[in-house]
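Scroll down for the structure; my scribbles are underneath it.
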Amino acid sequence: MGGGNYFQTKIGRDSQGWIVWDKENGENRFADCELAWTSFNRATHIFRFRWSGMLQGDMAHKEDRIHPTQKPAALYRWVYSHYAQPGNKILDTHLGSGSSRIAAYDAGLDFWGYEIDATYFALQEARFAQHTAQFSLFSDQKGAESTNCEKCQYHTKDGRCTYMIGCPYNSRK
Ligand SMILES: C[S@@+](CC[C@H](N)C(=O)[O-])C[C@H]1O[C@@H](n2cnc3c(N)ncnc32)[C@H](O)[C@@H]1O
Numbered sequence: 211m212g213g214g215n216y217f218q219t220k221i222g223r224d225s226q227g228w229i230v231w232d233k234e235n236g237e238n239r240f241a242d243c244e245l246a247w248t249s250f251n252r253a254t255h256i257f258r259f260r261w262s263g264m265l266q267g268d269m270a271h272k273e274d275r276i277h278p279t280q281k282p283a284a285l286y287r288w289v290y291s292h293y294a295q296p297g298n299k300i301l302d303t304h305l306g307s308g309s310s311r312i313a314a315y316d317a318g319l320d321f322w323g324y325e326i327d328a329t330y331f332a333l334q335e336a337r338f339a340q341h342t343a344q345f346s347l348f349s350d351q352k353g354a355e356s357t358n359c360e361k362c363q364y365h366t367k368d369g370r371c372t373y374m375i376g377c378p379y380n381s382r383k
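Just remember that my numbering sits 210 ahead of the position in the sequence shown, which is counted from 1.
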């Protein structure tokens with residue numbers, strides 16, 4: 211549960227397995243980190259990924275910002291790769307920008323999402339469509355400059371996969 215520190219008393223259950231997202235946003239008035247509560251009986255872990263104004267942790271794959279509280283798809287990729295299992299179904303009741311949906315798609319996980327705001331819903335639909343079109347395009351570009359990952363079917367120019375759960379090329383484990 212993202213933002214778990216805002217409604218800690220309502221959760222009614224202690225956890226040692228919080229997730230900390232360090233936004234690496236330097237010295238300013240904004241929060242350094244975001245906290246997500248989990249029910250996992252494991253240690254608290256940190257994901258470090260810059261998300262500060264124009265600066266993003268992966269500038270080579272900069273994400274369009276379409277929502278005021280948008281989180282990076284990279285954050286959800288990390289969460290899924292550490293906390294989900296192949297075959298899991300992901301539910302996001304507050305979809306917003308659809309980053310969770312994009313990451314689930316990349317990871318091959320089933321996904322349900324709900325968004326009450328029609329404008330945000332339409333924006334995330336367009337973002338998702340653009341992402342899946344790019345994904346298909348890259349998947350069609352098997353060849354000399356790229357190496358296909360046989361496990362997840364995603365590939366990068368240098369042959370490393372940085373997205374997939376259980377992928378032997380996944381460097382974010
Ligand atoms: C904090 S934002 C989510 C941001 C999201 N995690 C992201 O990465 O973009 C919360 C979203 O939930 C939507 N929302 C609020 N109440 C809702 C409800 N009852 N059902 C579905 N969506 C809701 C808001 O319109 C808003 O887009």
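Here a beta-carbon is modelled for each residue, glycine too, at the ideal position from N, C-alpha and C.
Nearest to GLY236 (by Cα), restricted to the options GLY222, ARG260, ILE229, ILE256: As a first step, residue 236 must be located in the sequence shown, where it is residue number 26. It is ARG260.
Same chain, Cβ closer than 7 angstroms to ASN215, five either side skipped, listed in chain order: Start at 1 with the first residue of the sequence shown, and residue 215 comes out as number 5. These residues qualify, in order along the chain: LEU245.
Distance, TRP247 Cα to MET211 Cα: Working through the sequence shown from its first residue, we reach residue 211 at position 1. Working through the sequence shown from its first residue, we reach residue 247 at position 37. Whole-angstrom Cα-Cα distance: 5 angstroms.
Sufficient close CB pairs (3 or more, under 8 angstroms) joining the region 288-296 to the region 265-280: no
Counterpart residues of ALA246 in DSSP-defined beta bridges: As a first step, residue 246 must be located in the sequence shown, where it is residue number 36. Paired residue(s): GLY212, ILE229.
heavy atom of ligand 1 below 8 angstroms from HIS341 C-beta: On the sequence shown, position 131 is the one that residue 341 refers to. HIS341 Cβ: outside cutoff for every heavy atom of ligand 1.
PRO268 beta carbon near ligand 1 (any heavy atom closer than 8 angstroms): Along the sequence shown, read from residue 1 onward, the residue named residue 268 stands at position 58. Per the sequence shown, the amino acid found at residue 268 is Asp instead of Pro. Checking the Cβ of ASP268 against ligand 1 gives no.
Residue(s) in a DSSP beta bridge with TRP261: The sequence position of residue 261 within the sequence shown is 51, counting from 1. Per DSSP, GLN266.
Ligand 1 heavy atom lying under 8 angstroms from the CB of GLU325: The count along the sequence shown starts at 1 and reaches residue 325 at position 115. Within the cutoff, so yes.
Cutoff 6 angstroms; reference HIS341; Cβ partners in own chain excluding five residues on either side: Numbered from its first residue, the sequence shown carries residue 341 at position 131. Cβ neighbours of HIS341 beyond the five flanking positions: ILE312.
Identified DSSP bridge partners for LYS299: Taking the sequence shown and counting its residues from 1, the one referred to as residue 299 is at position 89. DSSP, once it has assigned bridges, lists ASP320 as partnering LYS299.
Check whether PHE321 and ASP302 have beta carbons under 9 angstroms apart: Position 111 of the sequence shown, counted from the first residue, corresponds to residue 321. Position 92 of the sequence shown, counted from the first residue, corresponds to residue 302. The answer is yes: Cβ separation under 9 angstroms.
Endpoints, alpha helix (DSSP H) assigned at LEU395: In the structure as shown, the chain starts at 211 and stops at 383, and residue 395 therefore has no counterpart that could be examined.
Limits of the alpha helix (DSSP H) - the one that LYS220 falls within: Residue numbering aside, residue 220 sits at position 10 when the sequence shown is read from its first letter. It spans 218-221 - the alpha helix (DSSP H) in which LYS220 sits, taken as one unbroken run.
Length of the line joining the Cα atoms of GLY213 and ALA343: Mapped onto the sequence shown, residue 213 falls at position 3. Mapped onto the sequence shown, residue 343 falls at position 133. Each residue's Cα considered, the two are about 31 angstroms apart.
Local Cβ density within 10 Å of GLY263, reported as buried at 16 or more and exposed below that: As a first step, residue 263 must be located in the sequence shown, where it is residue number 53. Under this definition GLY263 is an exposed residue.
Inter-residue Cα distance where the pair is ASP242 and GLY318: The count along the sequence shown starts at 1 and reaches residue 242 at position 32. The count along the sequence shown starts at 1 and reaches residue 318 at position 108. Taking the straight line joining both Cα atoms gives about 31 angstroms.
Heavy atom of ligand 1 within 8 angstroms of GLY212 beta-carbon: Numbered from its first residue, the sequence shown carries residue 212 at position 2. GLY212: yes, Cβ under 8 angstroms from ligand 1.
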